[in-house]
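What follows is a set of notes on a single structure, which appears directly below.
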Amino acid sequence: MHDESTESFCILDSIRYSRGSSGLLDYFEKEIKQSRVNSLSLLNDERLQFPTLYLLQPMINDNNLSVELSPRNKSALDVTKALLKRDSRLFDRLSSGVENAAHSTLKWILQTGFRGEPIDPYYEQIIDMAAILLIKRFNDNTILPEVAAAIFERNREGHYTYDLIWAFLEAGDPASLALIAYRLNSGNAKDMELARKILRFVPCIHLAPDADGSLQYIWVKTWLQENLPFLYCTGENFHQRCDPFTFNLSLEAKYLCRKVSSYNGKVSMYLSDNDKLLLSRFNKLDRKLQELLANYSFYLYRQNIYGWYGWLNAPLLEQIKSVSWMKGGLL
Amino acid sequence: MISINGSQADKNTLIAAFQNPGIEIKIIDQMYLSQTTYDYLSIEQLRFEMNLRKAIIQASNDLYHSRFSFRTFRESICNSTYWERTEEGGFRLKPDTKPSEAIRDIYKNSRDYGTECATAIVIIYYKALLELLPEELFNKLFADAYLMNWQHLDSDLGIRTEKDLPDYFPGDCRYFKNPDVDPLTPEWQGENVIDLGDGLYYGHGIGIRTAEQMIEVLNRQRKKDAQTSAYLLNTSTRLNFKYLADQYLQSTAQASAPSRAVPWECPGMPCFTLLQQN
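Protein chains in written order, with the working numbering: chain L, -5 to 325; chain C, 334 to 611.
Listed below in structure tokens is the structure:
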């Protein structure tokens, strides 16, 4: 049984937490018999959470309460039908003319409903579909913390996670990777295993997959902080392969010290003829050298932008000589 | 180009090593015309790969003609005599159950099974290996089989995905990506397929089609205002043919190779085969 403080919960949620699903159903059954008005008042409490509404749906239907539900609750039950059928046309019809209502309803479903044991086999599907629509239809990345939490909670329990992971990655938000990296430090073996799979593209993960989780967390955090402006989503995921590289680092962008589009990996700003010339020389080098030059370029850029500009436009041989110390002078 | 134990091999000699060659000729021809040299430690190793590719194609055809259904993981089904259906919708081999019998059951009692396309590919791989490997070896290698898309793969399969290869061959697993998929049907975000040769692919849930037909089917599963068509990726997912060949050859005590192939060391490392000296 849930033992959180129930001060911030409405009555029905408090009953659900303290007495479980069957306790909630018993309570509400008695309430309906005593007073329809009171039952509706309990249902239409603004603090109500989605799992409670979902559990009470059969009784709401049996007692014709749906016509008197709050707009949010009505919308949620309608949207649930579309999500259970996985029918986009139905969802469009139900949410037509009230686009913002659909968005806020989905958000409410996800934010109040992603935790805890699934109520029935289809409950998790509703949460997944809500997350997917929020990210892909409404481009709402504010819910990524909840999605990440749901992914790892379900993974620990051995429940299905791949649609949620797909939705999370489809957001294409490199900054959200911090939510995954954090799990490396959790001490939970399943969390760490999944985090390593998703963060496989980070060099310290695929080169040292068995290193201590808390050490990997520090490495990954540092690496992400440095490379965030240059990361883009590859579109690879677990539907396609067992070991996706979910994101990639644009060495071109890092070399020029320009941000990259997180969707397609292209440098965001206009490239001058000089930039294109610099890149055409850069792209002829082998990857190791590209990495060295890109890392050094970004390091210089942060230290001294004027010195960096001079270095970037120097002959390539001079640039390579300047990084030779990084290879122990073997160049 | 094909080389056997470091020496360039004669194509006709290689083809003569196969009884009733069919798809093998096509693959060997393709390897010969390639700019890449395909190295094998022995002709037996090459023969094993060809046989396995042929068996993968056969297993794909057999699965297509069975009653094995397409179902999302939430609604997947399996025969509980051999498999335990897990909470995430995968099929875990039951304790004290022979993997050979469990895999055969999928084909024999196919109407009792249903899942998504990636898991179907793994089933195809197992069935193909079952046709080639001695049963005892198969059961030893795959004693902990767990069928759940590309996850929980047995390391002895050595499954790897690589990009931008110089050549793709019949028996490869390819992927059609559907970037503008309807978000409420994520199972259609792509289709894992087996290249059957002759321009045909088998994908569970779609069937046997040409590339254009696969794309057409996937495009029907896109969102309302879709802009981007589905397309075939430049990737291939393959078994570790050489490692499996070596397991087979050791178990049947055929001609010994001068050195041995081992499983991939770490998933994610660049594709290479470690050679151990005898």
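Virtual Cβ for every residue (Gly too), placed ideally from N, Cα, C.
Computed from a predicted structure; not experimentally measured.
(Q) Pull the bridge partners of residue 225 of chain L from the DSSP assignment, please. (A) DSSP lists L:243 as partners of residue 225 of chain L.
Q: Quick one: using the 10 Å Cβ neighbour count with 16 as the cut-off for buried, is residue 303 of chain L buried or exposed?
A: exposed
Q.
Let me confirm a value: residue 177 of chain L is counted as buried when at least 16 other C-beta atoms fall within 10 Å, else exposed. Which label applies?
A. buried
Q) Are at least three pairs of beta-carbons, each pair with one atom in the segment 557 to 564 of chain C and one in the segment 209 to 229 of chain L, less than 8 Å apart? A) no
Q) What does a CB cutoff of less than 6 Å around residue 247 of chain L pick up in its chain, not counting 5 residues either side in sequence? A) Closer than 6 Å at Cβ, skipping near neighbours: 224, 254, 261.
**Q.** the segment 188 to 199 of chain L contacting the segment 262 to 275 of chain L, beta-carbon criterion three pairs below 8 Å
**A.** no
Q. What is the DSSP secondary structure of residue 3 of chain L, reduced to helix, strand or coil?
A. coil
**Q.** Which of helix, strand or coil DSSP assigns to residue 427 of chain C
**A.** Looking at residue 427 of chain C - three-state DSSP - the assignment turns out to be coil, as it is neither helix nor strand.
Q | Neighbouring residues, chain C, relative to residue 123 of chain L (Cβ below 7 Å) | A | Residues of chain C with a Cβ closer than 7 Å to the Cβ of residue 123 of chain L are, in chain order, 517.
Q: Could you tell me whether the Cβ of residue 428 of chain C comes closer than 8 Å to any Cβ of chain L?
A: no
**Q.** C-beta contact flag for residue 454 of chain C and residue 506 of chain C at 8 Å
**A.** yes
Q | Min CB distance residue 503 of chain C to chain L below 8 Å | A | No, no contact with chain L.
Q) Taking Cβ positions only, does residue 68 of chain L come closer than 8 Å to chain C? A) no
Q) Under the rule that 16 or more other beta-carbon atoms within 10 Å means buried, what is residue 31 of chain L, buried or exposed? A) exposed
Q) Leaving out five residues before and five after residue 276 of chain L in sequence, what residues of the same chain have Cβ atoms less than 6 Å from its Cβ? A) Here residue 276 of chain L has 249 as same chain residues with Cβ atoms under 6 Å from its own Cβ, once five neighbours each way along the sequence are excluded.
Q | Cβ distance (whole Å) where residue 390 of chain C is taken to contact residue 356 of chain C below 8 Å | A | 7 Å
**Q.** Contact set between residue 236 of chain L and chain C, taken where Cβ atoms lie within less than 8 Å
**A.** 483, 484, 486, 492, 494, 600
Q) Can a CB atom of chain C be found closer than 8 Å to the CB of residue 115 of chain L? A) The Cβ of residue 115 of chain L sits closer than 8 Å to at least one Cβ of chain C.
Q) Is it buried or exposed for residue 26 of chain L, if we count other Cβ within 10 angstroms and need 16 for buried? A) buried
Q | Cβ-based contacts, 9 Å cut-off: residues of the segment 75 to 89 of chain L near chain C | A | 76, 77, 79, 80, 81, 82, 83, 85, 86
Q: Would you tell me roughly how many angstroms separate the C-alpha atoms of residue 159 of chain L and residue 406 of chain C, rounded to the nearest one?
A: 14 Å
Q. Between the segment 122 to 141 of chain L and the segment 200 to 208 of chain L, do at least 3 Cβ pairs fall closer than 8 Å?
A. no
Q: Could you check which residue in C:550, C:438, C:354 has the C-alpha nearest to that of residue 395 of chain C?
A: For residue 395 of chain C, the closest alpha carbon among the candidates C:550, C:438, C:354 is that of C:438.
Q) Quick one: does residue 303 of chain L have its CB under 8 Å from some CB of chain C? A) no
Q: Might you give, ordered along the chain, the residues of its own chain that have their beta carbon closer than 7 Å to the beta carbon of residue 513 of chain C, omitting 5 neighbours on each side?
A: 555, 556, 559, 560, 561
Q | Short CB-CB distance (under 8 Å) between residue 174 of chain L and chain C | A | Closer than 8 Å: no.
**Q.** DSSP state of residue 44 of chain L mapped onto helix, strand, coil
**A.** helix
**Q.** Residue of C:387, C:433, C:403 minimising C-alpha distance to residue 353 of chain C
**A.** C:387
Q: Would you decide whether residue 257 of chain L is buried or exposed? Buried here means 16 or more other CB atoms lie within 10 Å of its CB.
A: exposed
Q. Closest by CA to residue 124 of chain L, which one among L:161, L:169, L:56?
A. L:161
Q. Going along chain C in order, which residues have a C-beta closer than 8 Å to the C-beta of residue 126 of chain L?
A. Correct list: 516, 517, 519.
Q.
For residue 239 of chain L, which residues in the same chain have their Cβ closer than 8 Å to its Cβ, ignoring the five residues on either side in sequence?
A. 194, 195, 228, 230
Q.
To be precise: take each residue of the segment 129 to 142 of chain L, compare its Cβ to all Cβ atoms of chain C, and keep it if any distance is under 7 Å. Which residues remain?
A. 130, 131
Q: Could you work out which residue in C:372, C:421, C:433, C:534 is closest to residue 152 of chain L when comparing CA atoms only?
A: Put simply, of C:372, C:421, C:433, C:534 the residue whose alpha carbon is nearest the alpha carbon of residue 152 of chain L is C:421.
Q) Using a Cβ cut-off of 9 Å, which residues of the segment 524 to 535 of chain C contact any Cβ in chain L, in chain order? A) 525
Q) Hey, residue 582 of chain C and residue 377 of chain C: beta-carbon distance below 8 Å or not? A) yes
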